[in-house]
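Asker: Residue numbering for the sequence shown follows the working numbering, starting at 19 and increasing by one per position. In this text, a Cβ means the ideal position worked out from N, Cα and C, and glycines have one as well. Computed from a predicted model, the values in this text were never measured in an experiment. Here you go, one structure.
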Amino acid sequence: MEFTQLLENRRSIRAYKENTQISVETVKELIAAAQQAPSWKNSQTGRYYAVSSKEMLARVKAECLPEFNQRNSRNAPLLIVTAFVKGIAGFDNDASPVNELGDEWGAYDLGLQNSLLILKARELGLDTLIMGIRDEVKLRELLGIPESEEVVSVIAVGYRDIEPKKPVRKEIEEILKLY
Ligand SMILES: Cc1cc2nc3c(=O)[nH]c(=O)nc-3n(C[C@H](O)[C@H](O)[C@H](O)COP(=O)(O)O)c2cc1C
């Protein structure tokens, strides 16, 4: 798929086809695409927890997502919990923050990675929903995510069962200043 078309065609999908599956090979393809992103000193601090077994999928949805996101991700056969290792991106070798953003650089790098992940998903005919509203403590417990990592989003992956309208974007003039 041509890149501009891919950008236009990707949508946050909140209704997925029933009884679908995503193979481990495909999961690895998505993560490999994410890994192509640039990162602070090539530190690659993004971490991924892919959940697709029936029992774990049901538990993560029921125990770690609020009701509206359970609904939004219903029938999605894959959830990817995204995290990053703290204290590396944005930090000197002596562990002091290089500037005021500190660990926000880790979140920045993860966001770059996740952009590639959701675009790769679309290229493969898959759809996604990034969910920022989730229970971090329960995700940690259930998936054994260590305190050295910051838990960020949960990305639902599946096949769209809806053709949503594109939410309106701001005018370029509103977000760009030219000097
Ligand atoms: C960081 C982040 C967190 C989000 N959290 C949620 C969420 O918890 N639930 C949800 O339904 N959508 C969530 N979204 C999806 C946005 O609402 C969506 O991207 C936005 O409305 C634009 O629509 P589009 O992705 O189709 O272009 C999130 C998106 C981002 C980038």
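Please report the residue range of the alpha helix (DSSP H) in which residue 22 lies.
Answerer: On the sequence shown, position 4 is the one that residue 22 refers to. Start and end: 21-27.
Asker: Excluding the five sequence neighbours on either side, which residues of its own chain have a C-beta within less than 8 Å of the C-beta of residue 101, listed in chain order?
Answerer: Numbered from its first residue, the sequence shown carries residue 101 at position 83. Within the same chain, residue 101 has close Cβ partners 64, 65, 66, 67, 128, 163, 167, 168, 169 and 170.
Asker: Nearest-angstrom Cα distance between residue 45 and residue 183?
Answerer: As a first step, residue 45 must be located in the sequence shown, where it is residue number 27. As a first step, residue 183 must be located in the sequence shown, where it is residue number 165. Each residue's alpha carbon lies about 27 Å from the other.
Asker: Could you check whether the Cβ of residue 29 sits closer than 6 Å to any heavy atom belonging to ligand 1?
Answerer: Your numbering for residue 29 matches position 11 in the sequence shown. For ligand 1, at least one heavy atom lies less than 6 Å from the Cβ of residue 29.
Asker: Quick check: does the Cβ of residue 151 come within less than 6 Å of any heavy atom belonging to ligand 1?
Answerer: On the sequence shown, residue 151 is found 133 positions in, with the first residue counted as 1. Answer for residue 151: yes, Cβ within range of ligand 1.
Asker: May I have the straight-line CA-CA distance separating residue 23 from residue 86, to the nearest angstrom?
Answerer: Here residue 23 refers to the residue found at position 5 when the sequence shown is read from its first residue. Here residue 86 refers to the residue found at position 68 when the sequence shown is read from its first residue. The alpha-carbon atoms of residue 23 and residue 86 are separated by roughly 30 Å.
Asker: With a 10 Å radius around its C-beta and 16 neighbouring C-beta atoms as the bar for buried, classify residue 190 as buried or exposed.
Answerer: Numbered from its first residue, the sequence shown carries residue 190 at position 172. Its Cβ having fewer than 16 others within 10 Å, residue 190 is exposed.
Asker: Taking the alpha-carbon positions, what's the residue 175 to residue 146 distance?
Answerer: Counting from one through the sequence shown, the residue named residue 175 turns up at place 157. Counting from one through the sequence shown, the residue named residue 146 turns up at place 128. Residue 175 and residue 146: Cα-Cα distance of roughly 5 Å.
Asker: Starting from the C-beta of residue 88, find all residues in its chain whose C-beta is less than 8 Å away, skip the five residues before and the five after it, and write them out in chain order.
Answerer: Along the sequence shown, one-based indexing puts residue 88 at 70. Answer for residue 88: 79 and 80, listed in chain order.
Asker: Any idea what DSSP makes of residue 152, helix, strand or coil?
Answerer: By 1-based counting over the sequence shown, the position of residue 152 is 134. Three-state DSSP puts residue 152 in coil, outside helix and strand.
Asker: Examine ligand 1 and report whether any of its heavy atoms sits within less than 6 Å of the Cβ of residue 180.
Answerer: As a working note, residue 180 is residue 162 in the sequence shown. No.
Asker: Should residue 136 be listed as close to ligand 3, given that the test is whether its C-beta is under 6 Å from any heavy atom?
Answerer: Summarising the ligand content, the structure contains ligand 1 and does not contain ligand 3.
Asker: Kindly indicate which residue of 112, 139, 38 and 123 has the alpha-carbon position closest to the one of residue 58.
Answerer: Mapped onto the sequence shown, residue 58 falls at position 40. When only C-alpha atoms are compared, the closest one is 123.
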